[in-house]
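Here the sequence shown is numbered in this note's numbering, starting from 4 and rising by one per residue. We put the beta carbon where it would ideally sit given N, CA and C, even for glycine.
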Amino acid sequence: MSELSVDHLLGIKYLNEKDIHLIFETADHFKEVINRPIKKVPSLRDITIANLFFENSTRTRLSFELAEKRLSADVINFSAASSSVKKGETLIDTVNNILSMKVDMVIMRHPNPGAGVFLSKHVDASIINAGDGAHEHPTQALLDSFSIRERLGEVGGKKIVIVGDILHSRVALSNIFALTLQGAEVKVCGPKTLIPKYIEKLGVQVETDLKKALAWCDVANMLRVQNERMEISYFPSTREYTQQFGVNKKLLDSLDKEIVIMHPGPINRGVEITSDVADSNQAIILDQVQNGVAVRMAVIYLLASKIKR
Numbered sequence: 004m005s006e007l008s009v010d011h012l013l014g015i016k017y018l019n020e021k022d023i024h025l026i027f028e029t030a031d032h033f034k035e036v037i038n039r040p041i042k043k044v045p046s047l048r049d050i051t052i053a054n055l056f057f058e059n060s061t062r063t064r065l066s067f068e069l070a071e072k073r074l075s076a077d078v079i080n081f082s083a084a085s086s087s088v089k090k091g092e093t094l095i096d097t098v099n100n101i102l103s104m105k106v107d108m109v110i111m112r113h114p115n116p117g118a119g120v121f122l123s124k125h126v127d128a129s130i131i132n133a134g135d136g137a138h139e140h141p142t143q144a145l146l147d148s149f150s151i152r153e154r155l156g157e158v159g160g161k162k163i164v165i166v167g168d169i170l171h172s173r174v175a176l177s178n179i180f181a182l183t184l185q186g187a188e189v190k191v192c193g194p195k196t197l198i199p200k201y202i203e204k205l206g207v208q209v210e211t212d213l214k215k216a217l218a219w220c221d222v223a224n225m226l227r228v229q230n231e232r233m234e235i236s237y238f239p240s241t242r243e244y245t246q247q248f249g250v251n252k253k254l255l256d257s258l259d260k261e262i263v264i265m266h267p268g269p270i271n272r273g274v275e276i277t278s279d280v281a282d283s284n285q286a287i288i289l290d291q292v293q294n295g296v297a298v299r300m301a302v303i304y305l306l307a308s309k310i311k312r
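Next up, the structure:
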């Protein structure tokens, strides 16, 4: 059996194209499983997984938890969003306490970029990064690519535009890594203040005109504005942002082709996309949610098969 080239999923930048294909083939199998009447497999009956969320999360945490339970793993949840765990030492102490309970794998979301990498060097467990600050969110990028592959047949050669708050978005960075690795063309679009200065070094182009970006692309991945990560105002008002970078049905219908609309959630309806777009046939937002469970099952399963006992 082929296996992943990595022992942890810390970021897309550590994966190669073969890893991504292996994850997708495995996710195809699990997608079939979760559509059966009995949605569980006994694959990870002897594996214990700790979910450590140092930042608030609803969808990602539920998706991971469901994936773990579908694989029959034992699951413990630790929510530190309300505690004062902020420093490296206490992070290691917290995790070592949990590992002393014989945990095999840690799924971690943390506000500090690189927290997962730091942890992987200090603890003896497989680490999956469920989002580290504004850095990476690898499973989101994998489920996004998986959803594009499902709708369009493949990712290679497709044109994808990521629209919105690129600066604060770990989803944008992981998506750029995943899409370019698979041979897609990527552009980013948003207010200049929300586009990082180094972005073109990652092999993507910047387009500040939304209509041009939509006319060019096959897929538009709409990101929300991350107000909670902003200490200053990056654009005059939400209304002005929506006028320039919001997608509505009228705008979509004015294009001479039908493009696919994605969104990692949570959606600010009426800001980055209107409800009639979010609920239309062009949107694959709920497919992304369903695919998230299958993709996370695949990642957990493949990493668990590498754990030395």
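Residue i vs residue j beta-carbon contact at 7 Å
i	j	result
valine 292	alanine 216	no
leucine 146	isoleucine 26	no
leucine 12	isoleucine 95	no
aspartate 135	histidine 113	yes
isoleucine 169	cysteine 220	no
glutamate 203	lysine 162	no
leucine 77	threonine 61	Inspection of the sequence shows that residue 77 is occupied by aspartate rather than by leucine. No; because the gap between Cβ atoms is not below 7 Å, this pair is not in contact.
lysine 252	valine 280	yes
arginine 64	lysine 42	no
isoleucine 303	alanine 181	no
arginine 227	asparagine 271	yes
Where residue i sits in the DSSP three-state scheme
i	result
phenylalanine 67	helix
threonine 196	helix
methionine 233	Since pLDDT at methionine 233 reaches only 46, below the 50 mark, its modelled position is unreliable, and the value read off the structure follows with that caveat. Methionine 233: coil per DSSP, three-state reduction.
glutamine 208	strand
alanine 133	strand
aspartate 77	strand
lysine 161	coil
asparagine 284	coil
lysine 72	helix
alanine 53	strand
serine 46	coil
isoleucine 276	strand
asparagine 251	coil
Close beta carbons around residue i, own chain, < 8 Å, minus the five adjacent residues each side
i	result
methionine 265	Asp147, Ser150, Ile151, Val222, Ala223, Asn224, Met225, Ala286, Ile287, Ile288, Gln291
leucine 305	Glu6, Leu7, Leu25, Ile26, Thr29
leucine 122	Leu94, Ile95, Val98, Val109, Met111, Ile130
lysine 309	Glu6, Leu7, Asp10, Ser129
histidine 138	Gly14, Pro116, Gly117, Arg173, Leu176
Contacts around residue i, its chain only, beta-carbon distance under 7 Å, and the 5 residues preceding and following it disregarded
i	result
arginine 299	Ser66, Phe67, Ala70, Thr142
phenylalanine 238	Pro194, Thr196, Tyr244
lysine 124	none
Span of the alpha helix (DSSP H), counted from its first residue to its last, around residue i
i	result
histidine 24	20-37
methionine 300	288-307
asparagine 271	Looking at the DSSP string, asparagine 271 is not in any alpha helix (DSSP H), and its letter there is neither H nor E.
alanine 83	Where alanine 83 is concerned, there is no enclosing alpha helix (DSSP H), given that its DSSP letter is neither H nor E.
First through last residue of the beta strand (DSSP E) which encompasses residue i
i	result
alanine 218	Alanine 218 -> not in any beta strand (DSSP E); alpha helix (DSSP H) instead, spanning 213-219.
leucine 12	Counting along the chain, leucine 12 falls outside any beta strand (DSSP E), and DSSP gives it neither H nor E.
histidine 125	Note, histidine 125: premise wrong, no beta strand (DSSP E); alpha helix (DSSP H) at 118-125.
asparagine 115	Where asparagine 115 is concerned, there is no enclosing beta strand (DSSP E), given that its DSSP letter is neither H nor E.
alanine 181	Per DSSP, alanine 181 belongs to no beta strand (DSSP E); it is in the alpha helix (DSSP H), 173-184.
isoleucine 151	It is not in any beta strand (DSSP E) - isoleucine 151 instead sits in the alpha helix (DSSP H) that spans 141-155.
valine 263	263-265
Same chain only: Cβ atoms within 6 Å of residue i, ignoring 5 sequence neighbours per side
i	result
leucine 205	Ile179
phenylalanine 33	Ala297, Met300, Ala301
proline 269	none
proline 45	Ser75
alanine 83	Phe57
*Contact between the segment 272-279 and the segment 95-113: three or more CB pairs below 8 Å?*
no
*contact_flag[the segment 165-183, the segment 283-302] where n(CB pairs < 8 Å) is 3 or more*: no
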